[in-house]
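Chemist:
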Amino acid sequence: MRSDLYFLAAIPPETPRPEGELPPWGEVRIVGKRLPRVDAFERVSGKAVYPRDFSLPNMLQAAILRSPHAHARVKSIDLEPAKRMPGVVAVLGPSSPGADMEWFARPKAKGGLLLDPHCRAEGDEVAAVAAETLPQALDALKAIQVEWEVLPFVIDPARALDEKAPKVWDEGNRVADPVIYERGDLAKGFAEADVVLEESYRTPCEIHVPMEVHGSVVAWDGPRLTVWDTTQGVYAVQGTVAQRLGLPLANVRVIGHYMGGGFGSKLEAGKYTVIAALLAKVAGRPVKLFLSREETFRVGGNRPANAIRVKAGVKKDGTITAIDWKSSGTPGAYPNNTNTAFQAADLWTCANVRTEEAGVYTNAGRARAFRAPGFPQANWALEQMMDALARAIGMDQVAFRLKNVPTVSQRRGNQPYTSTGLAGCLGEGAKAFGWGTKPKAPADPAIRKGIGMAGGIWGYGGGPPSTVIVKLFSDGSVNLNMGAADIGTGTKTVMAMVVSEELGVPVESIRIEHADTGTTQYATPSGGSKTVPSDSPAVRAAAADCKRQILKMAAAELKLPAAELKLLGKEVVSAADPSKKVAISAIPAFQRQQLVVGIGFREPNPDGKVINPFAAHFAEVEVNTRTGEVTVTRFLAAQDSGRVLNRMTFDNQVFGGVVFGIGFARTEERILDRQTGKMLNANWHDYKVPTALDVPADQATLVVDARDTANSTNTKGVGEPATIPTGSAIANAVFDAVGVRVTEGPITPQRLLELLARQKARG
Amino acid sequence: MTEKDGKEGCGDGCPHGVSRRGFMTRVGAGTIGLGVAAAAGTAEATVHEIPPGEPHRVTLTVNGTTHRLLVEPRETLLYVLRERLGMTATKPGCERGECGACTVLIDGAARYACLTLAVEAEGHEVTTLEGLTKGEEPGAVQRAFMDEDALQCGYCTPGQIVAAEGLLRARPDPTLEEIRTGMSGNLCRCGAYVHIFRAVKKASVLRKDAGR
Chain A
175 MRSDLYFLAA IPPETPRPEG ELPPWGEVRI VGKRLPRVDA FERVSGKAVY
225 PRDFSLPNML QAAILRSPHA HARVKSIDLE PAKRMPGVVA VLGPSSPGAD
275 MEWFARPKAK GGLLLDPHCR AEGDEVAAVA AETLPQALDA LKAIQVEWEV
325 LPFVIDPARA LDEKAPKVWD EGNRVADPVI YERGDLAKGF AEADVVLEES
375 YRTPCEIHVP MEVHGSVVAW DGPRLTVWDT TQGVYAVQGT VAQRLGLPLA
425 NVRVIGHYMG GGFGSKLEAG KYTVIAALLA KVAGRPVKLF LSREETFRVG
475 GNRPANAIRV KAGVKKDGTI TAIDWKSSGT PGAYPNNTNT AFQAADLWTC
525 ANVRTEEAGV YTNAGRARAF RAPGFPQANW ALEQMMDALA RAIGMDQVAF
575 RLKNVPTVSQ RRGNQPYTST GLAGCLGEGA KAFGWGTKPK APADPAIRKG
625 IGMAGGIWGY GGGPPSTVIV KLFSDGSVNL NMGAADIGTG TKTVMAMVVS
675 EELGVPVESI RIEHADTGTT QYATPSGGSK TVPSDSPAVR AAAADCKRQI
725 LKMAAAELKL PAAELKLLGK EVVSAADPSK KVAISAIPAF QRQQLVVGIG
775 FREPNPDGKV INPFAAHFAE VEVNTRTGEV TVTRFLAAQD SGRVLNRMTF
825 DNQVFGGVVF GIGFARTEER ILDRQTGKML NANWHDYKVP TALDVPADQA
875 TLVVDARDTA NSTNTKGVGE PATIPTGSAI ANAVFDAVGV RVTEGPITPQ
925 RLLELLARQK ARG
Chain B
625 MTEKDGKEGC GDGCPHGVSR RGFMTRVGAG TIGLGVAAAA GTAEATVHEI
675 PPGEPHRVTL TVNGTTHRLL VEPRETLLYV LRERLGMTAT KPGCERGECG
725 ACTVLIDGAA RYACLTLAVE AEGHEVTTLE GLTKGEEPGA VQRAFMDEDA
775 LQCGYCTPGQ IVAAEGLLRA RPDPTLEEIR TGMSGNLCRC GAYVHIFRAV
825 KKASVLRKDA GR
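Residue numbers (this note's numbering), protein chains in the order written: chain A, 175 to 937; chain B, 625 to 836.
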């Protein structure tokens with residue numbers, strides 16, 4: 175699974191083993207505290223320069239001409255009028271040099287061409303302009319004359335495999351053969367069940383729309399290219415850009431630094447970066463190319479819509495006897511993962527399981543990894559089904575799940591989890607939330623209250639490769655040098671805390687260089703909730719390497735064994751006799767070299783075990799049966815993410831995950847026009863993300879630390895597990911409030927009113 | 625873009641947003657009529673027309689500094705702040721008045737800089753995020769946002785802070801509901817709202833302590 179998402183090569187990732195195993199921290203001084211961000215001032219003062227803010231002398235501004243049709247072919251294109259427009263310096267079309275390079279979403283995957291005359295989705299790139307100013311570039315785009323052959327399109331995944339359906343690709347609309355997994359005996363499982371339920375669920379197509387639009391500034395220096403990109407992974411962008419342009423990796427420097435959100439949509443290089451590089455080459459000047467907000471809605475990626483059919487059986491005692499899972503999804507016109515089955519086969523104990531999943535191409539914008547790819551969709555179906563099963567056998571939802579908590583990963587050959595806090599999330603979460611106490615009915619009979627909950631698992635726990643450098647200056651201050659991006663999760667802050675914990679240096683004396691392929695070390699993209707578990711052990715190892723060197727020097731100076739010495743900030747002290755100490759600035763060997771450089775590598779994960787974060791979410795909702803409006807009034811998220819490095823940024827991540835889940839459950843949905851195939855709500859007015867009025871102020875987090883020892887910082891991830899069970903908990907609370915099962919998300923007032931009307935008609 | 629039918633503005637295939645760009649183009653093709661509040665004490669407004677396409681001389685007061693500039697009538701205050709004055713704290717998010725990333729204060733009240741033409745801002749006091757910092761010292765709202773971790777990626781944060789400043793100037797001691805409503809014009813896609821609520825509350829205390 176890991177190789178599907180984040181690693182492009184088939185070779186298992188590995189970095190050299192750190193020198194000596196680091197034992198778990200004993201009593202901690204700083205790790206786990208509520209500490210404000212180390213870069214908070216830059217972010218609140220406006221001094222942080224985001225790629226969107228960045229400019230270079232003599233820089234041009236560029237924009238892309240896109241297909242206005244869901245499926246069309248460029249019959250002819252005339253770029254000449256654009257070239258004559260004021261301020262225009264460079265124009266590219268499908269026949270321009272380099273524009274016909276093959277593009278790919280993933281290695282060997284279909285991606286079409288960089289500027290492709292065959293447009294398979296609205297928004298596909300056909301031409302680009304660089305001009306002195308952005309208004310001039312936009313004016314010039316309109317001067318480009320395109321004659322289109324509009325082709326029949328298919329946007330409904332349920333119709334995409336019909337014989338008569340228009341073909342997105344000549345080979346047909348099936349992404350790949352269906353993936354089937356089976357264990358046990360499904361028929362036997364259903365035969366043993368006291369209750370069998372079957373239901374179809376649908377999840378909406380969600381758009382990432384990070385606050386900072388996608389884009390880059392690029393500059394050539396002869397054969398070398400520098401890219402300032404708003405990205406989650408500078409090394410991932412470097413790899414693609416170098417390969418597409420035929421450049422050595424070392425000649426492509428990608429700088430990330432600040433970035434305004436990604437949520438998975440900025441894990442990979444965008445076409446815009448390569449288009450900007452081609453324009454800059456023609457112009458001989460730096461080029462800035464950022465998408466408009468509307469473009470990010472159409473081409474910036476999305477969470478694919480899924481249709482999931484579930485049949486499940488349960489005994490009266492709460493034993494789940496069988497799960498039959500069939501899932502399909504559409505990545506749009508280009509390949510991407512639309513899978514959902516893992517969670518169904520792994521979250522709860524069940525001996526007899528069959529899952530089948532498949533993807534189909536449609537003429538729509540391409541999906542990308544979106545905060546826990548596939549998992550909220552799977553959870554929407556699985557946890558509503560579990561809620562229904564528990565109700566059918568008259569068992570409490572929490573007790574039912576507690577009965578079915580597995581200790582091994584059934585989907586991965588019964589390997590044990592390195593730790594599982596799922597039972598803790600369920601039990602302690604229920605207690606903290608006050609589960610089982612019915613909320614007081616509001617005075618207005620049209621307003622109904624309900625509570626709901628759901629459990630969840632996330633599929634990844636981090637691992638190698640990661641290389642980090644820590645530089646210790648002679649006054650005891652530190653540079654931390656790491657390739658990982660801080661995408662808003664507080665990465666820089668928690669890594670500084672790890673260094674501080676290990677070396678005793680205050681975080682105020684730590685300066686961080688990060689996310690720059692030219693000056694910082696290799697890290698995988700910040701995604702998959704794996705930055706902390708992948709990179710924090712490497713940071714700790716680098717700091718420990720510094721410490722080893724300093725203690726060795728101090729041992730020679732104090733004539734004591736190094737094992738007896740402790741580094742406490744600016745001093746090395748004997749553990750046996752605290753009067754024996756030396757200031758690090760007074761160690762002659764250190765003064766001679768002025769700098770100690772520690773290198774840290776991420777150790778491998780333990781063999782024969784799997785690492786997963788877990789969660790359980792609890793929601794209280796109010797449903798207005800007159801308007802169909804659902805208000806989330808109270809929320810508790812219990813998370814097993816291993817050790818929490820900073821409780822304040824951790825809470826913020828969890829609250830943010832819950833907000834995403836509220837959007838998924840209540841309002842967010844891409845709407846495509848059946849007549850034209852175009853997106854109808856490509857703006858924040860019509861595509862509604864949660865505002866301050868849509869989230870409960872009454873939100874709480876609960877840390878369930880199952881004492882994981884898979885890596886040297888005892889960490890698992892949090893960003894994604896914090897959004898996986900949210901939507902399902904809300905849907906289950908809505909059922910609790912009004913007795914209506916909303917299987918098709920999001921739970922808009924219109925949908926809910928329809929369902930309530932049907933319920934009333936049934937009596 | 626084919627415009628064989630000679631239609632003005634963004635046609636069906638507009639790559640850059642029908643509404644705002646189209647609106648701007650149409651405005652640019654005609655003239656801009658500006659209603660400028662007349663001298664204090666009279667309810668009358670004067671209207672003067674600016675011809676399209678011609679650079680127009682404006683005097684803008686931003687964070688107390690006067691700037692004399694030539695701008696195109698179609699240029700927004702957001703564009704002029706960032707592209708002409710190099711003040712990039714004010715962020716473009718949607719450029720159509722939906723997200724609030726570009727929030728500035730105009731005469732002390734929170735406004736979207738993307739929906740304000742630069743020529744409209746003449747004669748008014750514009751305050752941006754940069755104006756809330758004294759040297760390298762954060763202002764009260766900025767301090768509260770740091771202390772309460774009221775941000776994640778930080779891109780919407782300038783707009784959030786300026787919106788909070790505007791709210792607190794109008795309502796120095798807001799209730800939770802007033803904070804939620806007052807901040808509802810500013811999207812935070814990372815979802816840091818709970819911490820933002822706490823920060824605005826804390827900022828109201830810090831401002832009081834600072835005697836404002």
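Ideal placement from N, C-alpha and C gives every residue a C-beta, glycine not left out.
Taking the alpha-carbon positions, what's the residue 690 of chain A to residue 439 of chain A distance?
Modeler: The sequence position of residue 690 of chain A within the first sequence is 516, counting from 1. The sequence position of residue 439 of chain A within the first sequence is 265, counting from 1. C-alpha separation (whole angstroms): 19 Å.
Chemist: Cβ closer than 7 Å: which chain B residues qualify as neighbours of residue 859 of chain A?
Modeler: Locating residue 859 of chain A in the first sequence gives position 685, counting from the first residue. Those are 722, listed as they occur along chain B.
Chemist: Is the number of C-beta pairs between the region 804 to 820 of chain B and the region 691 to 710 of chain A that are closer than 8 Å three or more?
Modeler: These segments do not touch.
Chemist: Could you check what DSSP says for residue 375 of chain A in three-state terms: helix, strand or coil?
Modeler: Looking up residue 375 of chain A in the first sequence gives position 201. Note: residue 375 of chain A maps to strand in three-state DSSP.
Chemist: Cβ atoms of residue 665 of chain A and residue 580 of chain A: under 8 Å apart, would you say?
Modeler: Here residue 580 of chain A refers to the residue found at position 406 when the first sequence is read from its first residue. Here residue 665 of chain A refers to the residue found at position 491 when the first sequence is read from its first residue. No.
Chemist: Please classify residue 664 of chain B: is it buried, with 16 or more other beta-carbons within 10 angstroms of its beta-carbon, or exposed?
Modeler: As a position in the second sequence, residue 664 of chain B is number 40, starting the count at 1. Only weak support exists for where residue 664 of chain B lies, its pLDDT of 41 falling under 50; the value from the coordinates is given anyway. It is exposed - the Cβ of residue 664 of chain B has fewer than 16 other Cβ atoms within 10 Å.
Chemist: Is there at least one Cβ from chain B nearer than 8 Å to residue 864 of chain A's Cβ?
Modeler: By one-based count along the first sequence, residue 864 of chain A stands at place 690. Yes, residue 864 of chain A lies at the interface with chain B (some Cβ there is under 8 Å from its Cβ).
Chemist: For a cutoff of 8 Å on Cβ pairs, would you count residue 129 of chain A as touching chain B?
Modeler: Residue 129 of chain A cannot be examined here, being either before or after the span of chain A that is shown, 175 to 937.
Chemist: By how many angstroms is the C-alpha of residue 515 of chain A removed from the C-alpha of residue 786 of chain A?
Modeler: As a working mapping, residue 786 of chain A is identified with position 612 in the first sequence. As a working mapping, residue 515 of chain A is identified with position 341 in the first sequence. When rounded, the distance between both Cα atoms is 16 Å.
Chemist: Run through chain C and tell me which residues come within less than 7 Å of residue 661 of chain A, C-beta to C-beta.
Modeler: The chain labelled as chain C is not found among the protein chains of the depicted structure, namely A and B.
Chemist: If you pair each beta-carbon of the region 394 to 408 of chain A with each one of the region 266 to 279 of chain A, do three or more pairs fall below 8 Å?
Modeler: The region 394 to 408 of chain A vs the region 266 to 279 of chain A: no contact.
Chemist: Roughly how many whole angstroms lie between the Cα atoms of residue 872 of chain A and residue 812 of chain A?
Modeler: Against the first sequence, residue 872 of chain A aligns to sequence position 698. Against the first sequence, residue 812 of chain A aligns to sequence position 638. Cα to Cα, residue 872 of chain A sits roughly 15 Å from residue 812 of chain A.
Chemist: Starting from residue 812 of chain A and walking both ways along the alpha helix (DSSP H), at which residues does that stretch end?
Modeler: Start at 1 with the first residue of the first sequence, and residue 812 of chain A comes out as number 638. It is not in any alpha helix (DSSP H) - residue 812 of chain A instead sits in the beta strand (DSSP E) that spans 803 to 814.
Chemist: Buried or exposed, going by whether 16 or more other CB atoms sit within 10 Å of the CB of residue 201 of chain A?
Modeler: Translated into the one-based positions of the first sequence, residue 201 of chain A becomes position 27. Classification of residue 201 of chain A: exposed, given that the 10 Å Cβ count is below 16.
Chemist: Name, please, each residue of chain B whose Cβ falls closer than 7 Å to the Cβ of residue 227 of chain A.
Modeler: As a first step, residue 227 of chain A is located in the first sequence; it is residue number 53 there, counting from the start. Within chain B, the residues near residue 227 of chain A are 712.
Chemist: Residues of the region 744 to 777 of chain B in Cβ contact with chain A at a cutoff of 7 Å, in chain order, please.
Modeler: Under the 7 Å Cβ criterion, the region 744 to 777 of chain B contributes 753, 754, 757, 762, 766, 769, 770, 771, 773, 775, 776 and 777.
Chemist: According to DSSP, is residue 783 of chain B part of a helix, a strand, or is it coil?
Modeler: Residue mapping note: residue 783 of chain B aligns to position 159 of the second sequence, counting from 1. DSSP places residue 783 of chain B in helix when its eight states are reduced to three.
Chemist: Comparing the C-beta of residue 418 of chain A with each C-beta of chain B, is any distance below 8 Å?
Modeler: Walking along the first sequence from the start, residue 418 of chain A turns up at place 244. So no, residue 418 of chain A is outside the interface.
Chemist: Run down chain B in chain order and give the residues with a C-beta less than 8 Å from the C-beta of residue 867 of chain A.
Modeler: Position 693 of the first sequence, counting from 1, holds the residue named residue 867 of chain A. 804, 805 and 808, listed in chain order.
Chemist: Please classify residue 667 of chain B: is it buried, with 16 or more other beta-carbons within 10 angstroms of its beta-carbon, or exposed?
Modeler: Locating residue 667 of chain B in the second sequence gives position 43, counting from the first residue. Residue confidence is low: residue 667 of chain B scores 46 on pLDDT, short of 50, so the model does not pin down where it sits. No coordinate-derived value is stated.
Chemist: Leaving out five residues on either side along the sequence, give the residues of the same chain with a beta carbon under 7 Å from the beta carbon of residue 902 of chain A.
Modeler: On the first sequence, position 728 is the one that residue 902 of chain A refers to. Excluding positions up to five away in sequence, the list reads 553, 554, 557, 558 and 628.
Chemist: Give me the residue from A/292, A/215, A/302 and A/391 with the minimum Cα distance to residue 226 of chain A.
Modeler: Locating residue 226 of chain A in the first sequence gives position 52, counting from the first residue. It is A/391.
Chemist: Would you please state the rounded distance, in angstroms, between the beta carbons of residue 707 of chain A and residue 187 of chain A? I believe it to be under 8 Å.
Modeler: As a working note, residue 707 of chain A is residue 533 in the first sequence. As a working note, residue 187 of chain A is residue 13 in the first sequence. Wrong, their Cβ atoms sit about 13 Å apart, outside the cutoff.
Chemist: Can at least three beta-carbon pairs, one atom from the region 492 to 500 of chain A and one from the region 466 to 477 of chain A, be found at a separation below 8 Å?
Modeler: No: the two stretches stay apart, fewer than three of their Cβ pairs being nearer than 8 Å.
Chemist: Where residue 615 of chain A and residue 622 of chain A are concerned, what is the direct C-alpha to C-alpha distance, given to the nearest angstrom?
Modeler: For this step, residue 615 of chain A is matched to residue 441 along the first sequence. For this step, residue 622 of chain A is matched to residue 448 along the first sequence. Using only the alpha carbons, I get a separation of about 7 Å.
Chemist: Determine the extent of the alpha helix (DSSP H) in which residue 554 of chain A is found, giving its start and end residues.
Modeler: Within the first sequence, residue 554 of chain A is the residue found at index 380, counting from 1. Residues 549 to 566.
Chemist: By the criterion of Cβ-Cβ separation under 9 Å, what are the contact partners of residue 545 of chain A in chain B?
Modeler: In the first sequence, residue 545 of chain A corresponds to position 371, counting from 1. Near residue 545 of chain A there are no residues of chain B at all, since even the closest Cβ is about 10 Å away, more than 9 Å.
Chemist: Put residue 495 of chain A into one of helix, strand or coil per three-state DSSP.
Modeler: Mapped onto the first sequence, residue 495 of chain A falls at position 321. Here residue 495 of chain A sits in strand by DSSP.
Chemist: If you draw a straight line from the alpha carbon of residue 303 of chain A to that of residue 478 of chain A, how long is it in whole angstroms?
Modeler: The residue you call residue 303 of chain A lines up with position 129 of the first sequence. The residue you call residue 478 of chain A lines up with position 304 of the first sequence. Those two C-alpha atoms are separated by around 31 Å.
Chemist: On the DSSP bridge list, what partners appear for residue 394 of chain A?
Modeler: Here residue 394 of chain A is taken as the residue at index 220 of the first sequence, counted from 1. Bridge partners of residue 394 of chain A: A/399.
Chemist: Have a look at A/262, A/877, A/356 and A/234 and flag the residue whose alpha-carbon is nearest the alpha-carbon of residue 597 of chain A.
Modeler: Translated into positions along the first sequence, residue 597 of chain A becomes position 423. The candidate whose alpha carbon is nearest that of residue 597 of chain A is A/877.
Chemist: Out of A/257, A/212 and A/276, which one is the CA nearest neighbour of residue 770 of chain B?
Modeler: Stepping through the second sequence from its first residue, residue 770 of chain B is reached at position 146. It is A/212.
Chemist: Which residues bound the alpha helix (DSSP H) around residue 919 of chain A?
Modeler: One-based indexing of the first sequence puts residue 919 of chain A at position 745. First-last for residue 919 of chain A: undefined, no H or E at that position.
Chemist: Mapping the DSSP letters down to three states, classify residue 835 of chain B as helix, strand or coil.
Modeler: Along the second sequence, one-based indexing puts residue 835 of chain B at 211. In this structure, residue 835 of chain B counts as coil in the three-state DSSP scheme.
Chemist: Could you tell me which chain B residues have their CB closer than 8 Å to the CB of residue 873 of chain A, listed as they occur along the chain?
Modeler: Translated into the one-based positions of the first sequence, residue 873 of chain A becomes position 699. Those are 818, listed as they occur along chain B.
Chemist: Of all Cβ atoms in chain B, is any one closer than 8 Å to the Cβ of residue 393 of chain A?
Modeler: Along the first sequence, read from residue 1 onward, the residue named residue 393 of chain A stands at position 219. No - not a single Cβ of chain B is within 8 Å of the one on residue 393 of chain A.
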